[in-house]
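Worksheet: one structure, shown below.
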Amino acid sequence: VMMYIRYPLSLRQVEDILFERGIDICHETVRYWWNRFGPTFAAAIRKRRIHRRSWSQWRWHLDEVFVRINGETHYLWRAVDHEGEVLEVFATKRRDRKAALKFLKRTMKRYGQPRSIVTDRLRSYPWAMKAIGVQRQHS
């Protein structure tokens, strides 16, 4: 299962690699193992990765985009770290200072303050950062 998770291998390639090592199984067995044990391994890897990270030293990219849900316009806010890992996703009906403040509070409560924040220059972000007391770079 770890070979299937760590490397871009197909089920049949994993079957072949194991066969070379003297383990004769079907690719469907690998798929069964992945479905059975994959979530457990993924949770353990994610947990280890989170503990090793120093969130406050990272650069965050904040962005919002409008989406239509059942015909209504909503705004989807996202915080992404410098490696492209999505930290937080938040949906609101408005794109204003209150929404930006709530989004930043929610994200910082979970991950702490970043080293710097990169935004699309929405005017709500500087106001929200000032309200929280963030004295970090805003660009």
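Each step along the sequence shown adds one to the number in my numbering, with nothing skipped, and position 100 is 121. Glycine included, each C-beta is placed from N, C-alpha and C at the ideal position.
Residue i and residue j closer than 8 Å at C-beta
i	j	result
residue 24	residue 30	yes
residue 96	residue 120	yes
residue 100	residue 93	no
residue 79	residue 48	no
Per-residue DSSP class, three states only, for residue i
i	result
residue 145	helix
residue 155	coil
residue 37	helix
residue 95	strand
residue 44	coil
residue 128	helix
residue 195	This structure leaves residue 195 out entirely; the chain is present only between 22 and 160.
residue 115	coil
residue 136	coil
residue 83	strand
residue 19	Nothing can be reported for residue 19, as the shown portion of the chain is limited to 22 through 160.
Nearest-angstrom beta carbon gap, residue j and residue i [assumed within contact, 8 Å]
i	j	result
residue 98	residue 135	Not a contact, Cβ separation roughly 15 Å.
residue 129	residue 153	7 Å
Spatial neighbours of residue i in its chain, beta-carbon cut-off 6 Å, leaving aside the 5 residues before and after
i	result
residue 52	32
residue 86	97
Same chain, Cβ closer than 7 Å to residue i, neighbours up to 5 away in sequence not counted
i	result
residue 118	145, 148 and 149
residue 111	98, 124 and 127
residue 46	36 and 39
residue 155	134
Cutoff 8 Å: residue i Cβ touching any chain C Cβ
i	result
residue 110	Of the protein chains in the structure, only one exists, and it is not chain C.
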